[in-house]
């Protein structure tokens with residue numbers, strides 16, 4: 509491992525220099541934790557299509573595409589032209605605009621399950637709104653999420669994101685664990701944990717705590733676990749169990765909306 513790190517540092521002096529500058533102004537050395545890794549991340553200068561160019565001039569194939577959001581790749585001419593045309597009309601109105609309505613109508617028309625929608629600037633905001641709506645609609649306060657699941661950068665979404673052996677409890681009775689010391693006891697108490705792809709356990713947990721649960725939130729394909737698909741049996745079990753107890757089921761499709 510030491511040899512690999514040494515080769516990496518020799519390969520990327522420009523990225524190392526930028527990482528040192530970043531450490532002076534960013535807590536933790538970056539503004540996006542999910543894009544940060546040791547000893548430091550590669551810093552990019554530009555990108556086109558599926559090719560990234562780092563600050564040292566290396567061309568790198570981009571298999572990430574900004575966590576799948578760039579489905580047309582980088583700097584697609586149609587996207588560039590549309591952005592430039594809109595900026596020429598104004599940057600941010602802080603007021604309604606026909607474009608947002610037209611886009612919403614297009615999405616509702618194309619995605620059969622969508623009846624209405626709200627736009628957000630991040631997946632974190634989207635799941636936060638969904639959970640708040642679930643609590644308000646149900647009058648309950650607890651939620652259930654999957655062990656190892658990620659739904660944004662706030663406490664409840666990150667409970668048991670990295671379950672620690674010896675602290676996570678038994679498979680049949682998972683323990684809600686904190687990622688760091690910022691988590692309050694109330695957050696852990698209001699967040700129940702369910703093992704992923706375990707339909708019988710999921711049904712048992714939902715049945716046992718139905719009177720307390722406002723919502724169950726799950727990714728149909730768990731991105732933080734390495735893109736593990738939920739089985740049809742598991743997802744159907746969640747649908748039926750939540751429907752039976754009038755619990756709101758939230759599919760976090762920040763990633764999976766773009767999958768066939």
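In the working numbering, the protein residues as written are 509 to 768. Beta carbons are placed, not taken as given, at the ideal position from N, Cα and C, and that holds for glycine. Because the structure is a prediction, the values reported are computed rather than measured.
Taking its Cβ as the centre, do 16 or more other Cβ atoms sit within 10 Å of residue i, making it buried, or is it exposed?
{"i": "residue 624", "result": "exposed"}
{"i": "residue 545", "result": "exposed"}
{"i": "residue 635", "result": "buried"}
{"i": "residue 539", "result": "exposed"}
{"i": "residue 662", "result": "exposed"}
{"i": "residue 577", "result": "exposed"}
{"i": "residue 664", "result": "buried"}
{"i": "residue 579", "result": "exposed"}
{"i": "residue 582", "result": "buried"}
{"i": "residue 548", "result": "buried"}
{"i": "residue 648", "result": "buried"}
{"i": "residue 628", "result": "exposed"}
{"i": "residue 638", "result": "buried"}
{"i": "residue 726", "result": "buried"}
{"i": "residue 698", "result": "buried"}
Which of the three DSSP states is assigned to residue i in this structure?
{"i": "residue 739", "result": "coil"}
{"i": "residue 745", "result": "helix"}
{"i": "residue 515", "result": "helix"}
{"i": "residue 691", "result": "coil"}
{"i": "residue 510", "result": "helix"}
{"i": "residue 638", "result": "helix"}
{"i": "residue 559", "result": "strand"}
{"i": "residue 537", "result": "helix"}
{"i": "residue 554", "result": "strand"}
{"i": "residue 685", "result": "coil"}
{"i": "residue 575", "result": "helix"}
{"i": "residue 471", "result": "Look at the range of the chain in this structure, 509 to 768, and you will see that residue 471 is not part of it."}
{"i": "residue 479", "result": "Any answer about residue 479 is impossible in this case: the structure gives the chain only from 509 up to 768."}
{"i": "residue 669", "result": "coil"}
{"i": "residue 616", "result": "helix"}
{"i": "residue 543", "result": "helix"}
{"i": "residue 600", "result": "coil"}
{"i": "residue 644", "result": "helix"}
In chain order, what residues of the same chain have a beta carbon less than 6 Å from the beta carbon of residue i, not counting five sequence neighbours either side?
{"i": "residue 559", "result": "567"}
{"i": "residue 762", "result": "631"}
{"i": "residue 608", "result": "none"}
{"i": "residue 658", "result": "669, 732"}
{"i": "residue 701", "result": "655, 668, 682, 684"}
{"i": "residue 711", "result": "745, 749"}
{"i": "residue 735", "result": "729"}
{"i": "residue 616", "result": "622"}
Residues in its own chain within less than 7 Å of residue i by CB, not counting five upstream and five downstream?
{"i": "residue 707", "result": "741, 742, 745"}
{"i": "residue 660", "result": "631, 632, 635, 636"}
{"i": "residue 687", "result": "666, 669, 670"}
{"i": "residue 766", "result": "576, 579"}
{"i": "residue 569", "result": "558, 559"}
{"i": "residue 672", "result": "685"}
{"i": "residue 769", "result": "Absent from the model: residue 769. The displayed extent of the chain is 509 to 768, so no value can be given."}
Verify the contact flag: residue i, CB atom, against every heavy atom of the ligand GTP, threshold strictly below 7 Å.
{"i": "residue 739", "result": "Among the components of this structure there are no ligands whatsoever, and the ligand GTP is therefore not found."}
Report the CB separation of residue i from residue j in whole angstroms; it is logged as a contact under 8 Å.
{"i": "residue 759", "j": "residue 728", "result": "6 Å"}
{"i": "residue 739", "j": "residue 705", "result": "5 Å"}
{"i": "residue 703", "j": "residue 696", "result": "Not a contact, Cβ separation roughly 17 Å."}
{"i": "residue 503", "j": "residue 650", "result": "Only positions 509 to 768 of the chain appear in the structure, and residue 503 is not among them; the question remains open."}
{"i": "residue 599", "j": "residue 550", "result": "Not really, about 30 Å apart at Cβ, beyond 8 Å."}
{"i": "residue 531", "j": "residue 537", "result": "5 Å"}
Return the chain-ordered list of same chain residues with a C-beta closer than 8 Å to the C-beta of residue i, the five sequence neighbours on each side being excluded.
{"i": "residue 586", "result": "580"}
{"i": "residue 552", "result": "560, 561, 562, 563"}
{"i": "residue 516", "result": "547"}
{"i": "residue 556", "result": "581, 582, 583"}
Are the C-beta of residue i and some C-beta of chain C separated by less than 8 Å?
{"i": "residue 576", "result": "Absent here is chain C; the protein component of the structure consists of one chain."}
- Task: Decide yes or no for the touch test of the segment 679 to 693 against the segment 735 to 746: beta carbon pairs closer than 8 Å, at least 3 of them.
- Result: no
- Can at least three beta-carbon pairs, one atom from the segment 751 to 762 and one from the segment 712 to 722, be found at a separation below 8 Å? yes
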